[in-house]
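Numbering (our numbering), first residue to last: 65 to 520.
Note that beta-carbon positions come from the ideal geometry of N, C-alpha and C, so glycine has one too.
Computed from a predicted structure; not experimentally measured.
I have placed the structure first, in the form of structure tokens, so that the comments after it can refer back to it.
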Ligand code: 4AD
Ligand code: MG
């Protein structure tokens with residue numbers, strides 16, 4: 065006899081004695097029988113346990129079982145006479161390991177995602193958040209599988225850093241100083257002897273890796289102190305950043321497309337039940353969208369072309385469309401959802417709205433940037449070919465008001481065996497949002513951090 069996961073039991077043929085551990089999803093106490101659905105988080109569906117009066121603790125314990133209680137069950141795996149499941153467990157022993165009071169907040173009804181966020185310590189027991197966490201796990205595995213298969217080396221880049229990788233000034237400070245002495249000017253006395261921050265991106269360190277190992281990727285938490293209370297922004301999110309030496313923008317676009325297709329295919333293969341749950345309960349098009357991504361080639365256009373299309377669209381956008389201004393989420397979604405109806409790669413953005421490290425085109429007005437836009441989510445990937453020419457990189461740092469003294473090592477990469485190289489960053493939560501159809505990014509991460517929220 066072996067303790068089994070519910071997901072595995074549900075696929076087994078009837079027969080044999082099994083042991084399961086889990087929590088009561090629902091308990092229905094009929095006259096001479098209790099029907100207890102037990103879930104251990106291994107699948108959307110729980111397994112039905114039937115308890116009858118021959119159990120020694122039937123009257124005083126089994127009859128009192130409620131949703132949320134922790135259980136150990138031993139019983140026979142039998143064919144289920146009921147609809148909707150092949151097998152069920154005829155209990156020989158039911159032991160309540162941990163009970164629940166009247167105040168257990170999860171009941172057999174739909175709770176709003178907002179409410180569930182207030183009980184993040186329990187919300188993964190719901191069908192939807194459980195499915196999200198399993199898809200999240202599968203997506204993480206799929207990402208590693210893709211890069212490992214392509215010969216990339218995973219590089220662990222630091223969480224604490226002294227340089228602003230995006231040059232956007234959205235960093236959280238890390239300090240052991242308190243009160244007035246926490247002034248950045250007094251940072252010589254601080255732990256690192258200089259101002260230090262939580263990283264916004266592992267890219268610059270990944271470029272160091274690519275300049276030696278050729279193909280690397282990072283997969284780590286990143287932090288942004290941007291005050292954006294939207295359904296697509298978190299203050300702490302996970303990012304995957306491949307960086308490849310001897311690669312140009314076209315190669316980078318091709319890598320991003322192959323990567324997204326591979327991960328989406330992997331999810332359909334490994335998370336079929338959970339994806340069916342999302343298609344049924346959350347977003348009708350969830351599975352079709354993934355199939356569509358795998359099948360159709362991505363569209364590609366330049367920023368300048370995108371602006372022309374937006375101007376000619378006749379749409380009344382909230383934010384005006386103008387060459388030189390950044391594309392807003394409403395513009396991105398119009399382009400990918402309505403104009404092309406599939407993933408879209410926009411390239412060659414104006415130099416003024418993109419970070420210092422992007423390769424300057426010959427027109428000197430645009431840089432070799434690429435954003436991958438997908439329906440429902442908008443920007444899911446941001447990347448570029450990198451500026452590997454020292455004098456131009458120095459000019460770009462100056463024009464963005466960034467001190468060369470803090471980027472000396474990054475500049476050094478351009479002094480010693482510099483090569484064209486490129487990479488991108490995939491927002492992991494945006495990927496999970498895209499795959500599951502969940503509307504709010506806060507509901508695809510176990511413990512969301514947003515302005516004003518860091519509970520749990
Ligand atoms: O476009 P971003 O800012 O690019 C970079 O950080 C580059 N260093 C990546 C690279 O080239 N190596 O961010 C990359 C992606 C975005 O496309 C988006 O999916 C996600 O990270 N992202 C966020 N996700 C959740 N919350 C936020 N506040 C995010 N900001 C960016
Ligand atoms: Mg971006």
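#1: When we look at the beta-carbon of residue 262 and count the other beta-carbons within 10 Å, is it buried (16 or more) or exposed?
#2: Is any heavy atom of the ligand 4AD found at a distance shorter than 8 Å from the C-beta of residue 444?
#3: Considering just the uninterrupted stretch of the beta strand (DSSP E) at residue 412, what are its terminal residues?
#4: Cutting at 6 Å between CB atoms, please list the residues of its own chain near residue 267, excluding the five before and the five after it.
#5: On the three-state DSSP scale, how would you describe residue 472?
#6: Less than 9 Å between the C-beta atoms of residue 323 and residue 192, yes or no?
#7: Mind checking which residues open and close the alpha helix (DSSP H) that includes residue 276?
#8: Report the CB separation of residue 496 from residue 151 in whole angstroms; it is logged as a contact under 8 Å.
#9: What does the alpha-carbon distance come out to for the pair residue 201 and residue 441?
#10: Comparing the CB of residue 249 with every heavy atom of the ligand MG, is any distance shorter than 8 Å?
#11: Please determine, among 205, 227, 226, 224, the residue with the shortest C-alpha to C-alpha distance to residue 218.
#12: Consult DSSP for residue 509 and reduce its assignment to one of helix, strand or coil.
#13: Could you name the residues that DSSP lists as bridge partners for residue 92?
#14: Beta carbon of residue 412: closer than 8 Å to some heavy atom of the ligand MG?
#15: The ligand 4AD and residue 488: does any heavy atom of the ligand fall closer than 8 Å to the residue's C-beta?
#16: Measuring alpha carbon to alpha carbon, tell me which of 98, 207, 128 ends up nearest residue 154.
#17: Is the region 352-362 close to the region 401-411, with three or more CB pairs under 8 Å?
#18: Does the ligand MG have a heavy atom nearer than 8 Å to the CB of residue 435?
#19: Compare the Cα-Cα distances from residue 470 to each of 259, 366, 393, 102 and report the closest residue.
#20: By the three-class DSSP mapping on this structure, what secondary structure does residue 259 have?
#21: Which of helix, strand or coil does DSSP assign to residue 115?
#22: Look up residue 517 in the DSSP assignment and give the residues it is bridged to.
#23: My output table needs one value for residue 502: the three-state DSSP class, helix, strand or coil.
#24: In terms of residues, what are the limits of the beta strand (DSSP E) holding residue 455?
#25: Contact check, residue 457 vs residue 479 under 8 Å by CB: the rounded distance?
#26: Indicate the three-state DSSP secondary structure (helix, strand or coil) for residue 297 in the structure shown.
#27: If you reduce the DSSP assignment to three classes, tell me which class residue 85 lands in.
#28: Considering only the alpha carbon of each residue, which of 70, 74, 90 lies closest to residue 84?
#29: With respect to the beta strand (DSSP E) encompassing residue 333, which residues constitute its N-terminal and C-terminal limits?
#30: By the 10 Å Cβ neighbour count, where 16 or more other Cβ atoms means buried, how is residue 395 classified, buried or exposed?
#31: Could you give the DSSP three-state label for residue 192: helix, strand or coil?
#32: Distance check for residue 197 and residue 338, CA to CA, integer angstroms please.
#33: Counting Cβ pairs, one atom from each stretch, are 3 or more of them under 8 Å apart for the region 317-332 and the region 344-360?
#34: Grab me the residues of residue 299's own chain with a C-beta within less than 7 Å of its C-beta, minus the 5 sequence neighbours each way, in chain order.
#35: In whole angstroms, what separates the C-alpha of residue 93 from that of residue 109?
#36: Quick one: measure Cβ to Cβ for residue 445 and residue 490, integer angstroms, because I've assumed they're closer than 8 Å.
In this structure, then:
#1: Flag for residue 262 reads buried.
#2: Residue 444 Cβ: within cutoff of the ligand 4AD.
#3: That run of the beta strand (DSSP E) goes 408-414.
#4: Contacts found: 229, 305.
#5: Helix, per DSSP.
#6: No, the Cβ-Cβ distance between residue 323 and residue 192 is not below 9 Å.
#7: Run containing residue 276: 267-277, per the alpha helix (DSSP H) assignment.
#8: That pair is no contact at about 31 Å.
#9: In a straight line, the C-alpha of residue 201 is about 20 Å away from that of residue 441.
#10: False, no ligand heavy atom lies under 8 Å from that Cβ.
#11: Nearest C-alpha to residue 218: 205.
#12: It is coil, neither helix nor strand.
#13: DSSP lists 99 as partners of residue 92.
#14: No.
#15: Yes, the beta carbon of residue 488 sits closer than 8 Å to at least one heavy atom of the ligand 4AD.
#16: Among 98, 207, 128, the Cα nearest to that of residue 154 belongs to 98.
#17: Taking 8 Å as the limit for Cβ pairs, the verdict is that the region 401-411 does touch the region 352-362.
#18: The answer is yes for residue 435.
#19: With distances taken between Cα atoms, residue 470 lies closest to 259.
#20: Secondary structure at residue 259: coil, using DSSP grouped into helix, strand and coil.
#21: Looking at residue 115 - three-state DSSP - the assignment turns out to be strand.
#22: Under DSSP, residue 517 shares a beta bridge with 514.
#23: Residue state, collapsed to three classes: coil.
#24: Careful: residue 455 lies outside any beta strand (DSSP E), inside the alpha helix (DSSP H) at 454-463.
#25: Going by Cβ atoms, the distance from residue 457 to residue 479 rounds to 10 Å, so no, they are not a contact pair.
#26: Reduced to three states, the DSSP call for residue 297 is coil.
#27: Three-state DSSP puts residue 85 in a strand.
#28: When each option's Cα is compared against that of residue 84, the closest is 70.
#29: Not the beta strand (DSSP E): residue 333 falls in the alpha helix (DSSP H), residues 313-334.
#30: So residue 395 ends up on the buried side.
#31: Looking at residue 192 - three-state DSSP - the assignment turns out to be helix.
#32: Roughly 10 Å separates the two Cα atoms.
#33: With a cut-off of 8 Å, the region 344-360 and the region 317-332 count as touching, because enough Cβ pairs lie within range.
#34: Excluding the 5 residues flanking it on each side, residue 299 has same chain C-beta neighbours closer than 7 Å at 287, 288, 289, 513, 514, 515, in chain order.
#35: Each residue's Cα considered, the two are about 20 Å apart.
#36: Right, the Cβ-Cβ distance comes to about 5 Å (below 8 Å), so this counts as a contact.
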